[in-house]
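J.: Submitted below is the structure of interest, expressed as structure tokens.
This is how it looks when you write it as structure tokens:
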């Protein structure tokens, strides 16, 4: 029995780790013990006893001791040291057991014992199993953080370039922490505890580290491709480091490195994509500088399943940052155009674009000045560069649903629509739509778009006599490619009118009959049918001008038989020079302002009421017009409603009232607003509707719309959707011109 | 104060001096053009008959060509004669 105790000291009651079997046991001693146990028939009980004792000792002493290393209240050591010591202790104990189990192995061989220990025929495996089982039956929460701290420090050290000085103990330059780190890992590997004890924490550490690394690198810089660099970093730094840890791992199973490689690459893509998705709005705004970031995202996206997240996040970002009243329409358009361009990079099928921009579309529709902004950015130099798009973009006819015959030719390259696309819409349509068609489609109708273009063109043509018609004609030709000849025919006539006017002016001035006074008069002679309706304003011009106009009209009448001119007195441009005591200034003003100046030339002081009667202009408007001269210090309101000239410059400073300056010359459109126009158009239907209801008594909305379509919707610009008609009819109901009941409209009795 | 007008650019719309707004044949405005034309005015002039009715020139010529027997004004059925005033 003593021999047994000497050979397997673990069975003694007061066994401690120090009681290592100091010396090698003698061969014959061992043989005697084997013989004794065999004769006493206690081979199996001895094995059981050894196992039980191992369990007891581990449970009662070693494991609690091991966990106690992680105690929170021990501030004297860093996490690195705590973990190092804990593992060192555990490994020491393990080693002593290991020697005993060496003997157990020998014992089993001699006694020919086949009975497995916990299904393991190898006692060492059994020992490791027991250790694992007991270790994790006590689970100390604090250890996670300490293990994390341990590996984090080590990873940081690995990643920092240059000399590998110790980060854990900065004051101690020659500490061999790298060595102790390797030692710890080796010990854990020997005990097969690497994966069970630290695997999860290690993964967490790496995830966190990778994430913050990506964040650090990609923060606010969109102009470089990172994904490749990151992948290289992962391979060189992280996986390399992991390899150093896991080379000690001897436990059976899948290759952990391969697993980590897949897991971490996936994680890298995921976090990179997530970070980019969060930044996507900014990336879009910075297009095209952010093109590298976009192409990264395009490459990374198929490797992750984050597309729904992308859609959702971007939509939300658009809503919070773009679609509220604080953003001006041109800004929204700029962002929208950038979104179109950049999302085309991300997803060439256009599906993503369609989904994401749907709210923008809807929002833009609710803004009144959208069309105006689109049209003006199309034809003017601006931040949107739409003019460029117009010139260089492929001309895709917006309405024509051209049959795509060429599909058959390259049927081998056919790719099915993305899985999340709506089956009703074909991919081909999305692909062909370019930026301009998308913008035009915001309103769903090109009529509106063309009308707005017409209005803007009219304004431009009228506001500057010497307008660059060459450029306008070029734009018109380009627009024609998109919208078709018939839509823009009106604009063509308008441009032609301007050209004709110049010719007529020249002709009339050469006419011997026509005598020009001090007022050189030019006329823009427009074909009223083709121009948008002008804003009506009454104005009586100064006699001199009226005289001149009369002469001009006569000359025109002789030039063009049977035709006459109807002057729009309030429209046009006047170049005027005003000479006051000691100063002469030139202005380019509206006829009203010029007329005001001319009247003040005749008489130094006017009462507002009086002048308003002479000019046939309402006092409120007139006051605004006089405001222009007030702001230039030429006329002042000497007392309430009495205006007089400021001859002396001295008084100028005192009386200049900057705040009443009204620069309405440029800002105001000469055209009736789109809404007024629409009102007018709808009003033409009213007589039809009344006629219908008179004959047919009651009619539902659909029938009215149908019949109007048959009879009233003629000409290129007049069209009315059923919704619009409903709004119109409902208003008539409110005004008691109609009665609505049971879905039928009828006239009031 | 002395005001000098250096240049006055006014806006005027032209129209035919006729006793109606629309052409009796194509029902389009006189100041517009007949359905076959693109540009109004010189390119699509009006003509007057001796009966004082007037039409787009293209419209009445087409009408007269379609009438094999008598050349009548489509409005008053009098014999159509161009009034060259």
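Protein chains in written order, with full-length UniProt numbering: chain A, 1 to 749; chain B, 1 to 85. Don't be surprised by glycine CBs; every beta carbon is placed ideally from N, CA and C.
1) Pull out every residue of the region 484-509 of chain A whose Cβ sits closer than 7 Å to any Cβ of chain B, in chain order.
2) Any beta-carbon of chain A closer than 8 Å to the one on residue 6/B?
3) For residue 352/A and residue 570/A, what's the separation of their Cα atoms in angstroms?
4) Output the distance between the C-alpha atoms of residue 169/A and residue 96/A, rounded to the nearest integer angstrom.
5) What do you get for residue 54/A, buried or exposed, if any count of 16 or more other CB atoms within 10 angstroms of its CB means buried?
6) For the region 568-582 of chain A, which residues have a beta carbon sitting closer than 9 Å to at least one beta carbon of chain B?
7) So, using beta-carbon positions, are residue 738/A and residue 725/A closer together than 8 Å?
8) Here's the rule I'm using: 16 or more other beta-carbon atoms within 10 Å means buried, otherwise exposed. How should residue 591/A be labelled?
9) Let me know the alpha helix (DSSP H) ranges lying completely inside the region 437-483 of chain A, each 4 residues or longer, listed in chain order.
10) Any idea if residue 490/A is buried or exposed, counting beta-carbon neighbours within 10 angstroms, 16 or more meaning buried?
11) For the candidate residues 557/A, 625/A, 83/A and 258/A, whose alpha-carbon lies nearest to that of residue 612/A?
12) Would residue 562/A count as contacting chain B if we go by Cβ distances under 8 Å?
13) Using a beta-carbon distance below 8 Å, is residue 481/A in contact with chain B?
14) Is the CB of residue 526/A under 8 Å away from at least one CB in chain B?
15) Is residue 27/B close to chain A? Criterion is C-beta to C-beta, closer than 8 Å.
16) Whose C-beta lies closer than 8 Å to the C-beta of residue 708/A among residues of the same chain, with five residues either side of it excluded?
17) Can you tell me where the beta strand (DSSP E) holding residue 56/A begins and where it ends?
18) Using a Cβ-Cβ cutoff of less than 7 Å, which residues in the same chain neighbour residue 762/A once the five nearest sequence positions on both sides are dropped?
19) Residue 153/A to residue 69/A, Cα distance in whole Å?
20) Would you identify the three-state DSSP class for residue 15/B, choosing helix, strand or coil?
21) Cutting at 7 Å between CB atoms, please list the residues of its own chain near residue 618/A, excluding the five before and the five after it.
22) Note the first and the last residue of the continuous beta strand (DSSP E) segment covering residue 746/A.
23) Hey, is residue 473/A's beta-carbon within less than 8 Å of any beta-carbon in chain B?
24) May I have the straight-line CA-CA distance separating residue 370/A from residue 447/A, to the nearest angstrom?
25) With three or more beta-carbon pairs closer than 8 Å as the criterion, would you say the region 323-330 of chain A touches the region 267-283 of chain A?
26) Can the beta-carbon of residue 777/A be found closer than 8 Å to that of residue 287/A?
27) Classify residue 700/A as buried or exposed, calling it buried when 16 or more other Cβ atoms lie within 10 Å of its own Cβ.
28) Name the two residues that bound the continuous beta strand (DSSP E) containing residue 524/A.
29) Could you tell me the distance, in whole angstroms, from the CA atom of residue 40/A to the CA atom of residue 111/A?
30) Express the C-alpha separation of residue 622/A and residue 53/B in angstroms, rounding to a whole number.
31) Can you look up residue 2/B in the DSSP assignment and give me helix, strand or coil?
32) Could you tell me which chain B residues have their CB closer than 9 Å to the CB of residue 600/A, listed as they occur along the chain?
33) Taking residue 131/A and residue 98/A to be in contact with their CB atoms under 8 Å, please state how far apart those CB atoms are, rounded to whole angstroms.
34) Using a Cβ cut-off of 7 Å, which residues of the region 25-49 of chain B contact any Cβ in chain A, in chain order?
35) Are residue 267/A and residue 207/A touching if we call contact CB-CB under 8 Å?
36) Which of the three DSSP states, helix, strand or coil, is assigned to residue 731/A?
T.: Result, derived from the coordinates:
1) 489, 493 and 496
2) For the purposes of this step, residue 6/B is identified with residue 6 of the second chain, where counting begins at 1. True, the Cβ-Cβ gap to chain A drops below 8 Å.
3) Within the first chain, the letter at position 352 stands for residue 352/A. Within the first chain, the letter at position 570 stands for residue 570/A. Residue 352/A and residue 570/A: Cα-Cα distance of roughly 51 Å.
4) Looking up residue 169/A in the first chain gives position 169. Looking up residue 96/A in the first chain gives position 96. Below a pLDDT of 50, predicted positions are generally treated as unreliable, and residue 169/A, at 49, falls in that range; no measurement from the model is reported.
5) Position 54 of the first chain, counting from 1, holds the residue named residue 54/A. It counts as buried.
6) 568, 569, 570, 571, 572, 573, 574, 575, 576, 577, 578, 579, 580 and 581
7) Start at 1 with the first residue of the first chain, and residue 738/A comes out as number 738. Start at 1 with the first residue of the first chain, and residue 725/A comes out as number 725. No, these two residues do not count as a Cβ contact at 8 Å.
8) Numbered from its first residue, the first chain carries residue 591/A at position 591. The residue in question, residue 591/A, is buried, as its Cβ has 16 or more Cβ neighbours within 10 Å.
9) 446-463 and 469-483
10) Translated into positions along the first chain, residue 490/A becomes position 490. Buried.
11) Against the first chain, residue 612/A aligns to sequence position 612. Of 557/A, 625/A, 83/A and 258/A, the residue nearest in Cα terms is 625/A.
12) In the first chain, counting from the first residue as 1, residue 562/A sits at position 562. Answer yes: the Cβ-Cβ gap between residue 562/A and chain B drops below 8 Å somewhere.
13) Looking up residue 481/A in the first chain gives position 481. No, because no Cβ of chain B sits closer than 8 Å to the Cβ of residue 481/A.
14) The residue you call residue 526/A lines up with position 526 of the first chain. By this cut-off, residue 526/A is an interface position.
15) By 1-based counting over the second chain, the position of residue 27/B is 27. No, its Cβ sits nowhere closer than 8 Å to a Cβ of chain A.
16) Within the first chain, the letter at position 708 stands for residue 708/A. Contacts found: 685, 688, 689, 720 and 725.
17) Walking along the first chain from the start, residue 56/A turns up at place 56. Looking at the DSSP string, residue 56/A is not in any beta strand (DSSP E); the run it does join, the alpha helix (DSSP H), is 43-57.
18) This structure leaves residue 762/A out entirely; chain A is present only between 1 and 749.
19) Within the first chain, residue 153/A is the residue found at index 153, counting from 1. Within the first chain, residue 69/A is the residue found at index 69, counting from 1. Each residue's Cα considered, the two are about 18 Å apart.
20) Here the question's residue 15/B lines up with position 15 in the second chain. Strand at residue 15/B.
21) The count along the first chain starts at 1 and reaches residue 618/A at position 618. Correct list, in chain order: 612.
22) To locate residue 746/A, count along the first chain from 1; it is residue 746. It spans 744-746 - the beta strand (DSSP E) in which residue 746/A sits, taken as one unbroken run.
23) Your numbering for residue 473/A matches position 473 in the first chain. Chain B, which has no Cβ nearer than 8 Å to the Cβ of residue 473/A, makes this no.
24) For the purposes of this step, residue 370/A is taken as the residue at position 370 of the first chain. For the purposes of this step, residue 447/A is taken as the residue at position 447 of the first chain. The straight-line gap from Cα to Cα measures roughly 14 Å.
25) no
26) Because chain A in this structure spans residues 1 to 749, residue 777/A falls outside the shown range and cannot be described.
27) As a first step, residue 700/A is located in the first chain; it is residue number 700 there, counting from the start. So residue 700/A counts as exposed.
28) Against the first chain, residue 524/A aligns to sequence position 524. Here the beta strand (DSSP E) through residue 524/A covers 521-526.
29) Sequence index remark: in the first chain, residue 40/A carries index 40 (1-based). Sequence index remark: in the first chain, residue 111/A carries index 111 (1-based). Going from the Cα of residue 40/A to the Cα of residue 111/A covers about 12 Å.
30) Here the question's residue 53/B lines up with position 53 in the second chain. Here the question's residue 622/A lines up with position 622 in the first chain. Using only the alpha carbons, I get a separation of about 44 Å.
31) Locating residue 2/B in the second chain gives position 2, where the first residue counts as 1. DSSP places residue 2/B in strand when its eight states are reduced to three.
32) By 1-based counting over the first chain, the position of residue 600/A is 600. Going along chain B in sequence order, the residues near residue 600/A (Cβ under 9 Å) are 1 and 3.
33) For the purposes of this step, residue 131/A is identified with residue 131 of the first chain, where counting begins at 1. For the purposes of this step, residue 98/A is identified with residue 98 of the first chain, where counting begins at 1. That pair is no contact at about 10 Å.
34) 29, 31, 32, 38, 39, 40, 41 and 46
35) Here residue 267/A is taken as the residue at index 267 of the first chain, counted from 1. Here residue 207/A is taken as the residue at index 207 of the first chain, counted from 1. Yes, the pair counts as a contact, with Cβ atoms nearer than the cut-off.
36) Walking along the first chain from the start, residue 731/A turns up at place 731. Correct three-state label for residue 731/A: helix.
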